[in-house]
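Read the sequence shown against our numbering and you will find it ends at 1605, with the numbers running on by one and no gaps.
Ideal placement from N, C-alpha and C gives every residue a C-beta, glycine not left out.
Owing to the predicted nature of the structure, the values given are computational and were not obtained by experimental measurement.
Written out below as structure tokens is the structure these notes cover.
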Amino acid sequence: MGFSQAIIIADEQDWVWNFARQTLRHAGVNSMRLSSRVPVRDSKARFAGGMPVILNWDCKLRQAGALVEDLALLAGDAGVGDRVIVLASSPTREDAIYFGELGIDRVITLRNRDVDLARSTRVFLAHWRDAVAGLAVKPQGSDPARKSSADKQWRALLRHVDQAMEHFWNCHEAEVIKSEDGLDFAVASGGMLQKQGTISSGAYGALMEKAGEFLRREPVSNGQLSAKTMELEACLCLLLGKFDDAISRWSLACETNPNYHRAHMNLSRCLRKLGRQDEALRIIQHRHEHNRLSIQLMVELGDIHLEGEDLLKAEHYYQQALDRDGNSAMALAGLAQVMFARGEMEACRDLLARSGMPSHAAARLNAAGIALVRSGRFEDALELYKKAQFVLPQQEKGPMLFYNMGLCYLRWGRDEIARDFIKLALIKDPDYEKAKSLLKKLETQRLPSSQL
């Protein structure tokens, strides 16, 4: 059962709290005030529900943008704009850029004068009703309700695509299937040495067919597709493995709308995936120059330098993010990776525990193990997995870690040891289907390397 109270994050700004509380009370809605230090990631039951979140942008105890980024981890980047209503007393141009990057459309500028408060009350209630209905405010056009409904479906589609892309960035494995009740993503677990997942042309076509109704609604200027359309097509090209087409579409999306943050971020990540770190770095540095407040961009800069094995610069940007927000999960997880690379395992373990995101680190370590095994560095891969066992919390030391170690030994030609680790994986999870299937094959025949 969900929570029925509206959440207002306002610290000690009493007049903002009173404005939001009294306005909602007239609408028959009870509300509660939370500090900006509320642990969003530890309050999933409250924040993952359907109620909007009212956020005072001028919070004192923690940066408001950091709270939105935490909410994005729960709701998905494409969905957080549906959840948040921002109250701001004097937003700057840089704040406006930040709102756009976070996907927030519902922003109310408060002035402590009767005439301004009356107008703000009307706007606030309109935003609240649309947010409760799950609709984005799109006042332009002849049929706002239809456009709002389409926007809600578009965001849902983006969340779906983002889920597959997140696994693709971490594991390079994803596939799309068409089920009886519509299109859905089946994302590979990232198991080591598993055959790389791809999207079939048929499944790609099914996804495009589903997205077509949204693409056709997109306004076309002088025969040019909108940035939003090109960005979605770029995502689909990426999942299909058409990297050149993806880069071309993202580049055009960035040219069409230089402020479309999503296109810039995904273009940078695609370039990183292809080892083009310098190009990715230039994109994020350019975004950072226009928005020094964004913790996400600081973390992104840290990630790029970490992948380039420049640990000093990576640490600098992660620490810069933590100086702005000491609770940033992504910054803590990134800094933990720096400590891991330096061999400072105790510090790495402590940072991962603080981050609350060990699964993110586990995915990165797993990807690193995959790369080592594929290059034939079996001893290095096993050493990495042993260190991973030390730094990861207990819930992340699941059957997959033993399964991966077993696969490593199998690829190395040490079948007996491989069998022991696969059995350990099954002890941890007797219903682990991949482990059961592999153990059966091991006990009946020797697997040729082409099947690994």
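Taking C-beta separations shorter than 6 Å and ignoring five residues to either side along the sequence, the partners of PHE1493 in its chain run CYS1501, following chain order. The criterion of a C-beta distance shorter than 8 Å is not satisfied by ALA1516 and LEU1505. Taking 8 Å as the upper bound for CB-CB distance, ASP1568 and LEU1595 are in contact here, some 7 Å apart.
Less than 8 Å divides the Cβ of PHE1200 from the Cβ of LEU1227. Contact between the segment 1438-1453 and the segment 1239-1252 is established, with three or more Cβ pairs separated by less than 8 Å. Sixteen is the threshold: since fewer than 16 other Cβ atoms of the shown chains lie within 10 Å of the Cβ of LEU1214, the residue is exposed.
Excluding the 5 residues flanking it on each side, SER1273 has same chain C-beta neighbours closer than 6 Å at ILE1261, LEU1263, in chain order. If you check the CB distance, SER1184 and CYS1212 do not come in under 8 Å. In this structure, the alpha-carbon of GLY1455 lies about 19 Å from that of ALA1416.
Boundaries of the beta strand (DSSP E) harbouring ASN1209: 1206-1209, taken from the DSSP string. Beyond the five residues adjoining it in sequence on each side, GLU1432 comes within less than 6 Å, by CB distance, of LEU1424 in the same chain, given in chain order. When beta bridges are read from the DSSP output, SER1184 appears opposite ALA1159.
Across the structure, HIS1414 and LEU1525 are spaced so that their CA atoms are roughly 34 Å apart.
For ILE1580, the enclosing alpha helix (DSSP H) has its first and last residue at 1568-1581. The distance from the Cβ of VAL1206 to that of ILE1162 is about 7 Å, consistent with a contact at the 8 Å cut-off. Residue environment for ASN1557: buried (at least 16 other C-beta atoms within 10 angstroms of its C-beta). Take PHE1543, set aside five residues on each side of it, and the residues of its chain with a beta-carbon closer than 6 Å to its own are MET1498, in chain order. Judged by their CB atoms, TRP1403 and LEU1389 are not nearer to each other than the 8 Å cut-off.
Contact check for LEU1391 and MET1318: beta-carbon distance about 7 Å, within the 8 Å limit, so the pair qualifies.
Between GLY1509 and ARG1275, the C-beta spacing is not below 8 Å. Look at ALA1521 here: in three-state DSSP terms it is helix. Cβ contact annotation for ASN1410 (same chain, cutoff 6 Å, sequence separation greater than five): ALA1380, in chain order.
Note that the C-beta distance between VAL1452 and ALA1474 is below 8 Å.
In this structure, ARG1236 sits near LEU1224, with a CB-CB distance shorter than 8 Å. Beta-bridge partners assigned by DSSP to THR1262: ALA1241. Sixteen is the threshold: when 16 or more other Cβ atoms of the shown chains lie within 10 Å of the Cβ of GLU1384, as they do, the residue is buried. The alpha carbon of HIS1441 has as its nearest neighbour, out of PHE1277, ALA1217, LYS1581, MET1418, the alpha carbon of MET1418.
The Cβ neighbour count for HIS1179, taken over all protein chains shown within 10 Å, is under 16; the residue is labelled exposed.
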